[in-house]
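Order-wise, the sequence lines are chains E, Z, F and X. Residues 2 to 315, numbered by the working numbering, are exactly what the first sequence covers, in order. Residues 2 to 315, numbered by the working numbering, are exactly what the second sequence covers, in order. Residues 2 to 315, numbered by the working numbering, are exactly what the third sequence covers, in order. Residues 2 to 315, numbered by the working numbering, are exactly what the fourth sequence covers, in order. Positions of the beta carbon are idealized from the N, C-alpha and C atoms, including for glycine.
There are 4 protein chains.
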Amino acid sequence: MYAIGVDIGGTKIAVGVVDEGGTILAQVRRDTDADDVANIDRAIADAVTELVKEHEVGAIGLAAAGFVSPDRTAVTFAPNIAWRDYPLAQKVRELVDVDVPIVVENDANAAGWAEFRFGAGRDATDMLMLTVGTGLGGAVIVGGELVRGKWGVAAEVGHMRMVPGGHYCGCGHEGCWEQYASGSALVRDAQHAAVAQPGRAVRLLELAGGDPEELNGPQVTRAAQEGDELAVELLANLGRWIGEGAASVAALLDPELIVIGGGVGAAGELLLGPVRRGYESQLSALGHRPVAKIELAEHGNEAGIVGAADLARR
Amino acid sequence: MYAIGVDIGGTKIAVGVVDEGGTILAQVRRDTDADDVANIDRAIADAVTELVKEHEVGAIGLAAAGFVSPDRTAVTFAPNIAWRDYPLAQKVRELVDVDVPIVVENDANAAGWAEFRFGAGRDATDMLMLTVGTGLGGAVIVGGELVRGKWGVAAEVGHMRMVPGGHYCGCGHEGCWEQYASGSALVRDAQHAAVAQPGRAVRLLELAGGDPEELNGPQVTRAAQEGDELAVELLANLGRWIGEGAASVAALLDPELIVIGGGVGAAGELLLGPVRRGYESQLSALGHRPVAKIELAEHGNEAGIVGAADLARR
Amino acid sequence: MYAIGVDIGGTKIAVGVVDEGGTILAQVRRDTDADDVANIDRAIADAVTELVKEHEVGAIGLAAAGFVSPDRTAVTFAPNIAWRDYPLAQKVRELVDVDVPIVVENDANAAGWAEFRFGAGRDATDMLMLTVGTGLGGAVIVGGELVRGKWGVAAEVGHMRMVPGGHYCGCGHEGCWEQYASGSALVRDAQHAAVAQPGRAVRLLELAGGDPEELNGPQVTRAAQEGDELAVELLANLGRWIGEGAASVAALLDPELIVIGGGVGAAGELLLGPVRRGYESQLSALGHRPVAKIELAEHGNEAGIVGAADLARR
Amino acid sequence: MYAIGVDIGGTKIAVGVVDEGGTILAQVRRDTDADDVANIDRAIADAVTELVKEHEVGAIGLAAAGFVSPDRTAVTFAPNIAWRDYPLAQKVRELVDVDVPIVVENDANAAGWAEFRFGAGRDATDMLMLTVGTGLGGAVIVGGELVRGKWGVAAEVGHMRMVPGGHYCGCGHEGCWEQYASGSALVRDAQHAAVAQPGRAVRLLELAGGDPEELNGPQVTRAAQEGDELAVELLANLGRWIGEGAASVAALLDPELIVIGGGVGAAGELLLGPVRRGYESQLSALGHRPVAKIELAEHGNEAGIVGAADLARR
């Protein structure tokens, strides 16, 4: 059975028809306005209507960056889109002329599910997905099932606390994992190093055109690949935090596989090596248990479409 | 169907016949030797043989303090008993004359399951059990199912890291949750307070007969119940660490219920109040999600028997 | 002997004639431009010239917010004024027609010295001054002498590290004391609490006109004085960090007195109580040593003038 | 002028005649009993009496491991010897037939003073001495003067807090510097690593005869010198904590020199390199100030004798 997956971002949506093997057969995009939720509904409906002309689909999955109600019909809260207890599935249903199930999923869960079913996790049953981007998102698979939690808000991995009294987080707390293990953290640490240890940051500043404010993640990765000591250290530090935090999750869930997604994956072993060392250094009962594999995600930006579609048809 | 549950401790075993409502119909105990695993097998077989004379049972569950193999037949490692990749189920089977399934479960998982099925969690589907004793043990229930992990070693909650560079733990790491949230931590903090702030520890020292080394948890609880400021503060600190750590678990798993077991529960609201405040103070997205209930366990020492029996018959 | 003290701020200077008892006999102010250092020199010279017409002075002290050379003639670096290895004393000398010693002092040192000589520390020999303002500044008096350090940059108390991996600091490091013990930290913590625990921040938000960004320190103090629980907690937290950090300083320097300056002093006991409790709770060898007194500063904004003048004539 | 220095340990005393260049001209030792303070007085008197037969001395300095009264005549408290408000100078005076000043000094201060006057610090005016042994002791020199503090208990550097909620310390607090930067910490970390990461600890365990409890500091140093990765890492970690903590002291005192004493100095650059990197990585305003030199102590166990003698004659 084919299914449609919709990945709803802040300023655009991507909609695709996905077959049972996780392949996207057709895809369309629409621009949207984060403050105008009715506009988003219409954009989704419009794209779906276009795709169903050419493909017979049995389900529609909507991947949303927000908290999803346990019955998978509504978005209860979203940080970047003006949804508040918004019955998204019903709103879309009213605008499309297809009589198939429409379900809403959290976007990080959808992306993790795609990786689990059709990517690095295809042979696994217990997996942790960590998406290391602007923030740190994730998905948890236990016994082959996606963990949504009682109220649909599980897998907010980025807000596990790593350091009491640590870095401030936009959520209002301190020491959240995503403040240490995200692309933003990498850039911020690089900027601070440029202030605190200027002599070591020469190459990084050069790449940033002399302005620390202009530093970005790809520049750090590039400098590290050239062998710049500070850049290598910054990536190692990021990797260490990812791995050490994952060891805490492993104490709780004992996964066999940890998948690292997001743009920082471009750093390859410069990141993965430290992730694995950090993980082993903190893994409880090392030597008395197997060690989970840690791999890069195979899917990129389209994971949300694929996962949402696949979850909808289950 | 009746089932037998066996709770295997370091120096004794407790064996009971449990009905489908979680009631123990008959119970026997045997002394054992932690260094002589064959002796433990025989004690189990002996007790089982005695109980099946009077009760017809359909399954036997063995609750073991150690890592249990994913197929629930063996103990792969135990910290306090000389089991190493030990085929416990088969060993017991060879010694008993009953032809029913015999399964091995981790003891903390068994106790958590008893609480989930027949105790504070009877109405829940997603629950975290925290057993605050010498260490910090636990069990995780997701969607009505016990989470065992890929290799059977999930729910080692006590070894989630709470403080980088924090208290040493017997596991070889630093900052493990159980070093902040256990009865041992409570006693150790009380002892340190008696050194660092002697003027505030007068009542505690009095209860300990003048010797800080003799301080124990019930004395701290008693002093707190009398209104002793330091003791109240120590319990509040313990509660805070339980609650704050639970908030990190909630970011990952979104449970509806957190059950606190172990002897410290005797402190009642002096503990639970701070647990709840600590939990709310650190819960991600407070105000945009429901807040899990936090309750004391209803079962005491017999939870292992009940849970092992019930898990065996499923 | 009378002396002139000059307090050089980012946008204005305050200049006064100070007698030997620390009283300001006459005072003038001038607006300045932080980016135009020659303009600052002229403003100082102009004010000095005006004051010496009416008063006979024997020394001139210039209090500068920056690193001062060990010979007290130059500013080697300033964060907010465009001084870089700037021979400030000589520049001023060239513009004034008085032949008296001109010395440069760090402004926090000058303010601490005023407090030591003519304020809360008048009876002390070993004192720590903490100025809790936008940042955390300070001064150290050992054996009746101001500690300037080998290169003139001692008493940067705000950059002692309190939390490894803690809050980012403008200096490029993490966990600096001033990120926990300053008016800015108080406001930031209040803003974060309004996000993380909105239900408890009702009164604070009301005072801020509904906008967390508009929250300020005096509002927190006012709410605390009204009895608002969150505000009391925020001030207590600030006080605890001041006191706990001061205990680390006391392990090193064993002062008899700790003086708290800066605007937060307006909170009175709501701040001082927690400072004292935090100090005692962390003071090494409590019970085997006297406990330093902790008092509010007696001087306000004019301490820089008074201290600079007095240091110049010594 | 010659002076006698006495270094009073828990089970023995070492007594020497010291010339003005810091050279020990003659030395005797006596066994003592830490619980019998009169016995210690007699042993000191006996040794002094013996030495003054051959040498004319002008002062006697007693170096004691404890808190010394501000007037340098008494020990107010000692952790390992049964002194409580004990008038040590007077007690010794009553037993010896020499009419010269007798002063008491803290032993770490005496050792630091020897280093300042006749060792690595001979050209310095502002120096921090860190003695990395069983614990972490120290001495502070500001402007050429030893800092004793208001009540004689300054320079307890080992009890500055480095990690809130960190390692327990014998003083009753948590996170004290000496729990991270001492020979004991090195050994304990090695032992924990042997548990947490057994695969990496093969060589260390071999040197300890297979028993982690038998591991000691020289073994770690030896393994590191052989190139053992874990041992190198353990020494680097120790060095990092020494250096990072010293940067906090430098924020306060701006020393030109940091001297590292104690047995761990045997590790040479394997320790000093990480100390220096840790120091620079955390030094406030790096690039805008000179960086203190970090050197090994030149004196060994006899520093206490030399320093006590020299302080007595000042």
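Against chain Z, does residue i count as a neighbour if the rule is that its beta carbon must be under 7 angstroms from one of theirs?
i	result
ALA75 of chain X	no
GLY274 of chain X	no
HIS160 of chain X	no
GLY240 of chain X	no
GLY136 of chain X	no
SER285 of chain E	yes
Less than 7 angstroms between CB atoms is the rule here; does residue i satisfy it with respect to chain F?
i	result
GLY210 of chain Z	no
HIS193 of chain E	yes
PRO80 of chain Z	no
ALA252 of chain X	yes
VAL164 of chain E	yes
Name the chain C residues that come within less than 8 angstroms of residue i, Cβ to Cβ?
i	result
ASP108 of chain Z	Among the chains of the structure shown, chain C does not appear; the protein chains present are E, Z, F and X.
Can you list, in chain order, the residues of its chain with a C-beta nearer than 6 angstroms to that of residue i? Leave out the 5 residues immediately preceding and following it.
i	result
ILE82 of chain X	ALA35
ASP86 of chain Z	THR77
LEU271 of chain Z	ALA225, LEU236
Between residue i and residue j, what straight-line distance do the alpha-carbon atoms span, to the nearest angstrom?
i	j	result
ALA252 of chain E	GLY159 of chain F	38 angstroms
THR74 of chain F	LEU287 of chain Z	55 angstroms
VAL18 of chain X	GLY279 of chain X	39 angstroms
TRP84 of chain Z	VAL292 of chain X	56 angstroms
LEU312 of chain F	TRP114 of chain F	8 angstroms
GLN226 of chain X	ALA224 of chain E	32 angstroms
HIS174 of chain E	HIS193 of chain F	7 angstroms
GLY228 of chain Z	LEU216 of chain F	37 angstroms
LEU273 of chain F	GLY144 of chain F	25 angstroms
Short of 7 angstroms in beta carbon distance, which residues of its chain neighbour residue i, apart from the five on each side in sequence? Order them along the chain.
i	result
ARG277 of chain E	GLY244, ILE295
GLY184 of chain E	VAL133, GLY134, THR135, GLY218, GLY263, GLY264, VAL265
LEU206 of chain F	ALA195, PRO213
VAL233 of chain X	ALA225, LEU271
Are the CB atoms of residue j and residue i within a distance shorter than 7 angstroms?
i	j	result
ALA304 of chain X	GLY62 of chain X	no
PHE119 of chain E	GLY23 of chain E	yes
TRP178 of chain X	GLY246 of chain X	yes
ALA248 of chain Z	GLN283 of chain Z	yes
ALA155 of chain F	TRP242 of chain F	no
ALA27 of chain X	GLU299 of chain X	no
ALA90 of chain F	ALA109 of chain F	no
LEU236 of chain X	ALA268 of chain X	yes
ALA64 of chain E	LEU96 of chain E	no
ALA15 of chain F	ARG30 of chain F	yes
Tell me whether residue i is buried or exposed, calling it buried when 16 or more other Cβ atoms sit within 10 Å of its Cβ.
i	result
MET130 of chain Z	buried
ARG123 of chain F	exposed
ASN302 of chain X	exposed
ASP255 of chain F	buried
ASP8 of chain Z	buried
GLU55 of chain X	exposed
Check the Cβ-Cβ distances between residue i and every residue of chain E, and say whether any is below 7 angstroms.
i	result
VAL203 of chain F	no
GLY171 of chain Z	no
GLY288 of chain X	yes
GLY279 of chain F	no
GLY167 of chain F	yes
Measuring only between beta-carbons, confirm whether residue i sits less than 7 angstroms from chain X.
i	result
ALA197 of chain Z	yes
HIS174 of chain Z	yes
Going along the chain, which residues of its own chain have a beta-carbon closer than 8 angstroms to the beta-carbon of residue i, five neighbours each way excluded?
i	result
ASP37 of chain F	ALA83
LEU208 of chain X	LEU216, GLN220, ARG223, ALA224
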